[in-house]
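J.: Numbering (the working numbering), first residue to last: 2 to 329.
The beta carbon of each residue, even a glycine, is placed where N, CA and C say it ideally should be.
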């Protein structure tokens, strides 16, 4: 990339020179300037690359100063050499031209270093974001794991087939939590994951758990971060259904409005001492903010005896088949 950029700079300088003369590019000047720039770029890189481990130990300012000094020394040495070759006669070197080349080299070096610094920062931020999202996504509530294992253990002797189905559902939940490379999946896959989770909870809660789904048509491929809706459903059961002797209804709704898709999860208002799991909500809030910024919103509210969590996501489609192939 540096070579291409330097050649573009040579072309700009040659065009500028042509404008001040007869309007035609001096190809001899262009060739000499191209040779000079390419040589100094390559030799500077050859000097800097072996020093990368040492430069990495310095501060940004110190490393920048060392690199600029090396580049200027290279430009100065090659300028003197080129001046002697092109002007073999007696006389002092053309210090004015050499100074111009060194000034230009310093400006180009600083611009290149600034670009690489910003690129490094961006890559580092992307890596940190991916690590943060992976960490947030991979969390599975311990109480759900323990309850599921106890339920499966109790079914092994009495109903082996249902125990096997529960193990498969649980393994799919774990598999989803380990797919940390995926940032967005189709809503249909998230709904299927929720259904597997609900099948496990239904073994434990029985008739106390009632479900109502209201998913608008055309939202199957809506893009959603993995393990976003499932923790909301889990939160609704753990805090709204499980503590109540009579159980209750979990209402899951998805609808589109304008440029956004709204996901609602409703459950009976938690009884005193069973406030909602702020960790789960904060987890989801952090993930959607990292992926969508202010376009995504997560809020919760109480209205009478109903607790509602509303998730707003930008309307965005994803290829379900392609996503499935990536995870096989």
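Among residues of its own chain, excluding the 5 on either side of residue 108, which ones have a beta-carbon nearer than 6 angstroms to its beta-carbon?
T.: none
J.: Write down every uninterrupted run of the alpha helix (DSSP H) in the segment 28-89 whose length is 4 residues or greater and which is fully enclosed by it, in chain order.
T.: 28-49, 53-57 and 61-87
J.: Could you check how far apart the C-beta atoms of residue 162 and residue 188 are, in whole angstroms? I think they sit under 8 angstroms.
T.: Residue 162 to residue 188, Cβ: 30 angstroms. No contact.
J.: Would you call the segment 290-301 and the segment 238-257 in contact, with 3 or more CB pairs under 8 angstroms?
T.: no
J.: Using CA coordinates, which residue listed in 167, 310 and 160 is at the minimum distance from residue 149?
T.: Nearest option by C-alpha distance: 167.
J.: List the residues that DSSP assigns as beta-bridge partners of residue 96.
T.: None; residue 96 has no bridge partner.
J.: What residue does the alpha helix (DSSP H) around residue 197 start on, and which one ends it?
T.: 188-206
J.: Note down, in chain order, each residue of its chain lying with its Cβ closer than 6 angstroms to the Cβ of residue 209, except the 5 sequence neighbours on either side.
T.: 248
J.: Given a cut-off of 8 angstroms, decide if residue 174 and residue 205 are closer than it, judged by their beta-carbon atoms.
T.: For residue 205 and residue 174, no; Cβs fall outside 8 angstroms.
J.: Tell whether a beta-carbon distance below 8 angstroms holds between residue 84 and residue 70.
T.: no
J.: Taking only the alpha-carbon atoms, compute the straight-line gap between residue 263 and residue 207 and give it to the nearest angstrom.
T.: 29 angstroms
J.: On the premise that residue 68 lies in contact with residue 110, defined as a C-beta separation below 8 angstroms, what is that separation, rounded to the nearest angstrom?
T.: Sure, about 7 angstroms apart at Cβ, within 8 angstroms.
J.: Does the distance from the C-beta atom of residue 254 to that of residue 215 stay below 8 angstroms?
T.: yes
J.: Is it right to say residue 75 is buried, meaning 16 or more other beta carbons lie within 10 angstroms of its own, or is it exposed?
T.: The residue is buried, with at least 16 neighbouring Cβ atoms inside 10 Å.
J.: Whole angstroms is fine: what's the gap from residue 324's alpha carbon to residue 58's?
T.: Legend: pLDDT at residue 324 = 46, less than 50; position of this residue unreliable, no value from coordinates given.
J.: Could you please give me the residues that DSSP links to residue 229 through a beta bridge?
T.: According to DSSP, residue 229 bridges with nothing at all.
J.: Beta-carbon separation of residue 310 and residue 233 under 8 angstroms?
T.: yes
J.: Checking 8 angstroms against the spacing of the C-beta atoms, do residue 64 and residue 56 come in under that value?
T.: yes
J.: For residue 252, collect the residues of the same chain with a Cβ closer than 6 angstroms to its Cβ; drop the 5 residues on either side in sequence, then sort them by chain order.
T.: 213 and 267
J.: Which residue wins for smallest C-alpha separation from residue 283, given the options 236, 260 and 316?
T.: 236
J.: Going by the beta-carbon positions, is the gap between residue 41 and residue 113 smaller than 8 angstroms?
T.: no
J.: Would you tell me roughly how many angstroms separate the C-alpha atoms of residue 86 and residue 47, rounded to the nearest one?
T.: Going by the C-alpha atoms only, they are around 23 angstroms apart.
J.: My output table needs one value for residue 304: the three-state DSSP class, helix, strand or coil.
T.: strand
J.: If I measure Cβ to Cβ from residue 103 and keep anything under 8 angstroms in the same chain, skipping five residues before and after, which residues do I get?
T.: 73, 76, 77 and 80
J.: Tell me whether residue 158 sits in a helix, a strand or coil according to DSSP, three-state version.
T.: helix
J.: Please work out which residues of its chain come closer than 6 angstroms, Cβ to Cβ, to residue 329, disregarding the five sequence neighbours upstream and downstream, and give them in chain order.
T.: A caution first: residue 329 carries a pLDDT of 41, below 50, which makes its placement in the model unreliable, though a value can still be read off. When the five nearest sequence neighbours on each side are left out, no beta carbon in the same chain lies closer than 6 angstroms to the beta carbon of residue 329.
J.: Nearest-angstrom Cα distance between residue 312 and residue 159?
T.: 40 angstroms
J.: In whole angstroms, give me the CA-to-CA distance for residue 118 and residue 125.
T.: Each residue's alpha carbon lies about 10 angstroms from the other.
J.: I need the straight-line Cα distance from residue 304 to residue 151, nearest angstrom please.
T.: 35 angstroms
J.: First and last residue of the beta strand (DSSP E) that includes residue 267?
T.: 261-269
J.: Alpha carbons only, please: which of 180, 261, 258 and 199 is nearest the one belonging to residue 171?
T.: 199
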